[in-house]
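Colleague: Just so we're aligned, residue 121 is where the sequence shown starts under the working numbering, counting upward by one.
Got a structure for you, written out below as structure tokens; questions coming shortly.
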Amino acid sequence: MAPHKPFRVPAILGLCNPLLDISAYVENDLLEKYKLEPNNVILAGEEHKELCSELVKNYTIDYTAGGSAQNVMRVAAGILKSQKVDCRVMFTGGVGKDEFGDLMAKKAQADGVETHYMITDSTPTGTCAVLLTEGGKNRSLCAFLGASQKFSHEHLVKNWDILVRDTDIIYISGFLLAITLETFVRLGKHVVECSSANKTLCFNLSAPYVSEVFGDRLIEVMPYFDIVFGNDTEAQAYARLRKFPDPGDIVDVAKRIASEPTLRNTPRIVVITQGEKPIIVAQKIPKPDVQGEIEDVSMKQIPCKQILESELVDTNGAGDAFAGGFLSQYIQNASIEKCVEVGSYAAREIIKQSGIVLPDFSEIASDKV
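As structure tokens, this is what we get:
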């Protein structure tokens, strides 16, 4: 008799720049002082060097373990736990050997995420100033990348068996393009070579500046991605990069992203959120009995439930929560509609709280999302 093959627990890995969020409710005057926009994400420049100290000195601060993909993993882990689904949820990125790095690890692990940080001695853990205005309806993020910029491709290779070899879903934030192109290419080639192993490589457009500043790198790696997430402004920035005819037509942009050439036969899925407007899902439809050829692109516009204005506390992290909710169901082979439904639910629950603090996701267990 052949030896019993142990049951393999499904696994999700997130990669990006982990940052400690320094969050505060502020006046619009502070945004104007630092030339920040109400709903945007930028890298800090010389003109922003006093921003965090001013926040700490003059405002009430919430500290949260953050970074886009780390938040996605935290939400996915929280929902999977609420559904009593056994799944390894992992995260890797660069941090400093300091109190902030230790704090992030403790918080992420408490939320059910395995942290496999690359720890740097000489550079402090990165931070992100989160400026909330209009009672939390708008948020401006200004990132001081710190040790997150020290993440190296060698760390991933060294921990390949733990992080990648048996992992089903790999989720990468566009922010990581600023640090390592090699990691994207290595992971992309791995997923292509393992096409029979049902692996999925996911990417988030993350912020308009990713397309604007790192466009050449983005174009190089896009053919590897099976699922592409983004919001409407991020999709428009990518559309301008690719010179699509009408960047303002988000439905057309999603269709064109889904139609772009990929290195796998599996149909690419594109998911674009638009705030309160319906979520757009575009997916290639393979031709029957013709391997590798595409017949058309399926387009769906899925309405999302609204919350009362009085319930809205902080919009920061809504997109990350959506992606986390989506992947928590995708790993269970749920329908796209169910993935979007749970993603929307997670986003609604997150924005009812200050900071990206996980709720108990109690409605998941009762299937009333």
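The beta carbon of each residue, even a glycine, is placed where N, CA and C say it ideally should be.
Between Leu325 and Gly294, is the Cβ-Cβ spacing less than 8 Å?
Modeller: Residue numbering aside, residue 325 sits at position 205 when the sequence shown is read from its first letter. Residue numbering aside, residue 294 sits at position 174 when the sequence shown is read from its first letter. In this structure, Gly294 lies closer than 8 Å to Leu325 by Cβ.
Colleague: Going by DSSP, which residues form a beta bridge with Ala131?
Modeller: The residue you call residue 131 lines up with position 11 of the sequence shown. According to DSSP, which records beta bridges pairwise, Ala131 is partnered with Arg208.
Colleague: Report the three-state DSSP secondary structure of Ser455 (helix, strand or coil).
Modeller: Residue 455 sits at position 335 when you count from the first residue of the sequence shown. Coil, per DSSP.
Colleague: Within the chosen definition, does the segment 138-158 reach the segment 239-259 through at least 3 CB pairs nearer than 8 Å?
Modeller: Cβ pair count under 8 Å is three or more, so yes.
Colleague: Under 8 Å, do Val333 and His310 count as touching if we go by C-beta distance?
Modeller: Against the sequence shown, residue 333 aligns to sequence position 213. Against the sequence shown, residue 310 aligns to sequence position 190. No, the Cβ-Cβ distance between Val333 and His310 is not below 8 Å.
Colleague: For Cys349, report the span of its beta strand (DSSP E) as first-last.
Modeller: Along the sequence shown, one-based indexing puts residue 349 at 229. Note that residue 349 corresponds to Phe in the displayed sequence, not to Cys. From DSSP, the beta strand (DSSP E) with Phe349 extends over Ile347 to Asn351.
Colleague: With DSSP as the reference, label Ser242 as helix, strand or coil.
Modeller: Residue mapping note: residue 242 aligns to position 122 of the sequence shown, counting from 1. Of the three classes helix, strand and coil, the one that applies to Ser242 here is coil, per DSSP.
Colleague: State whether the segment 417-424 contacts the segment 166-173, with contact taken as three or more CB pairs (one from each stretch) at a distance under 8 Å.
Modeller: At 8 Å Cβ cutoff, the stretches do not touch.
Colleague: Asp440 and Val195: beta carbons closer than 8 Å?
Modeller: Within the sequence shown, the letter at position 320 stands for residue 440. Within the sequence shown, the letter at position 75 stands for residue 195. Yes, the pair counts as a contact, with Cβ atoms nearer than the cut-off.
Colleague: Quick one: what does DSSP say Gln421 is sitting in, helix, strand or coil?
Modeller: As a position in the sequence shown, residue 421 is number 301, starting the count at 1. Strand at Gln421.
Colleague: Per DSSP, what kind of secondary structure is Ile414 in: helix, strand or coil?
Modeller: Translated into positions along the sequence shown, residue 414 becomes position 294. Confidence is the limiting factor: at Ile414 the pLDDT is only 48, short of 50, which leaves the residue's position unreliable, though a coordinate-based value still follows. Strand.
Colleague: When you compare the segment 205-216 with the segment 129-137, are there three or more beta-carbon pairs, one atom per stretch, that lie closer than 8 Å?
Modeller: Flag = yes, the segment 205-216 and the segment 129-137 touch.
Colleague: Which class does Tyr358 belong to by DSSP, given the choice of helix, strand or coil?
Modeller: Locating residue 358 in the sequence shown gives position 238, counting from the first residue. It is helical.
Colleague: DSSP state of Asp480, grouped into three classes?
Modeller: Sequence index remark: in the sequence shown, residue 480 carries index 360 (1-based). Here Asp480 sits in coil by DSSP.
Colleague: Within 10 angstroms of the Cβ of Gln403, are there 16 or more other Cβ atoms? Answer buried if so, exposed if not.
Modeller: The residue labelled residue 403 in the question sits at position 283 within the sequence shown. Buried: at least 16 other Cβ atoms inside 10 Å.
Colleague: State yes or no: is the C-beta of Val433 within less than 8 Å of the C-beta of Val390?
Modeller: As a position in the sequence shown, residue 433 is number 313, starting the count at 1. As a position in the sequence shown, residue 390 is number 270, starting the count at 1. Contact flag unset, no.
Colleague: Please confirm whether Gly198 and Phe446 have their CB atoms less than 8 Å apart.
Modeller: Counted from its first residue, the sequence shown places residue 198 at position 78. Counted from its first residue, the sequence shown places residue 446 at position 326. In this structure, Phe446 does not lie closer than 8 Å to Gly198 by Cβ.
Colleague: As a quick exercise: from Gln473, Tyr465, Phe442 and Ala454, pick the residue whose alpha carbon is nearest that of Ser430.
Modeller: Numbered from its first residue, the sequence shown carries residue 430 at position 310. Looking at the Cα atoms, Gln473 is the closest of the given residues.
Colleague: Determine the DSSP secondary structure at Glu147, reduced to helix, strand or coil.
Modeller: Within the sequence shown, the letter at position 27 stands for residue 147. Glu147: coil per DSSP, three-state reduction.
Colleague: Taking only heavy atoms of the ligand SAM into account, decide whether any of them is closer than 7 Å to the Cβ of Ser379.
Modeller: With respect to the ligand SAM, the structure shown offers nothing to examine, as it has no ligands at all.
Colleague: Where does Ile405 land, buried or exposed, given buried means 16+ other C-beta within 10 angstroms?
Modeller: Locating residue 405 in the sequence shown gives position 285, where the first residue counts as 1. With fewer than 16 Cβ atoms within 10 Å of its Cβ, Ile405 is classed as exposed.
Colleague: On a CA-only basis, which of Glu152, Tyr450 and Pro398 is nearest Asp346? Give me that one, please.
Modeller: By 1-based counting over the sequence shown, the position of residue 346 is 226. With distances taken between Cα atoms, Asp346 lies closest to Tyr450.
Colleague: Does the distance from the C-beta atom of Leu223 to that of Leu140 stay below 8 Å?
Modeller: Against the sequence shown, residue 223 aligns to sequence position 103. Against the sequence shown, residue 140 aligns to sequence position 20. The answer is yes: Cβ separation under 8 Å.
Colleague: Contact check, Leu296 vs Leu150 under 8 Å by CB: the rounded distance?
Modeller: One-based indexing of the sequence shown puts residue 296 at position 176. One-based indexing of the sequence shown puts residue 150 at position 30. The pair is not a contact, with the Cβ atoms about 29 Å apart (cut-off 8 Å).
Colleague: Let me know the secondary structure DSSP gives Ser272 once reduced to three states.
Modeller: Counting from 1 along the sequence shown, the entry for residue 272 is found at position 152. Here Ser272 sits in coil by DSSP.
Colleague: Measure from the alpha carbon of Leu321 to the alpha carbon of each residue in Arg306, His273 and Tyr291, then state which is nearest.
Modeller: For this step, residue 321 is matched to residue 201 along the sequence shown. The shortest C-alpha separation from Leu321 is found at Tyr291.
Colleague: Throw me the rounded Cβ distance for the Ile392 and Asp366 pair, which I believe falls under 8 Å.
Modeller: On the sequence shown, position 272 is the one that residue 392 refers to. On the sequence shown, position 246 is the one that residue 366 refers to. Wrong, their Cβ atoms sit about 14 Å apart, outside the cutoff.
Colleague: For the beta strand (DSSP E) holding Asp182, just list the boundary residues, first then last.
Modeller: Looking up residue 182 in the sequence shown gives position 62. Asp182 -> beta strand (DSSP E) spans Asp182 to Gly186.
Colleague: Kindly indicate which residue of Tyr237, Ile370, Tyr465 and Lys153 has the alpha-carbon position closest to the one of Gln190.
Modeller: The residue labelled residue 190 in the question sits at position 70 within the sequence shown. Of the candidates Tyr237, Ile370, Tyr465 and Lys153, the one whose C-alpha sits nearest the C-alpha of Gln190 is Tyr237.
Colleague: Buried or exposed for Leu265, please, with buried defined as at least 16 other CB atoms from any protein chain shown within 10 angstroms of its CB.
Modeller: Mapped onto the sequence shown, residue 265 falls at position 145. Label assigned to Leu265: buried.
Colleague: Nearest CA to the CA of Asn436: which residue from Leu163, Gly186 and Val129?
Modeller: Within the sequence shown, the letter at position 316 stands for residue 436. When only C-alpha atoms are compared, the closest one is Gly186.
Colleague: I believe Val312 touches Val341 by the beta-carbon criterion, under 8 Å. Please report the beta-carbon distance rounded to the nearest angstrom.
Modeller: Within the sequence shown, the letter at position 192 stands for residue 312. Within the sequence shown, the letter at position 221 stands for residue 341. Actually they are not in contact, since the Cβ atoms of Val312 and Val341 sit about 12 Å apart, beyond 8 Å.
Colleague: What separation, rounded to the nearest whole angstrom, lies between the Cα atoms of Leu307 and Lys375?
Modeller: For the purposes of this step, residue 307 is taken as the residue at position 187 of the sequence shown. For the purposes of this step, residue 375 is taken as the residue at position 255 of the sequence shown. For Leu307 and Lys375, the distance between alpha carbons rounds to 25 Å.
Colleague: May I ask you to list the residues that DSSP assigns as paired with Asn160?
Modeller: Here the question's residue 160 lines up with position 40 in the sequence shown. According to DSSP, Asn160 bridges with Ser260.
Colleague: Work out the CA separation of Gly463 and Ala438 for me, nearest whole Å.
Modeller: Residue mapping note: residue 438 aligns to position 318 of the sequence shown, counting from 1. Residue mapping note: residue 463 aligns to position 343 of the sequence shown, counting from 1. Cα-Cα distance, rounded: 9 Å.
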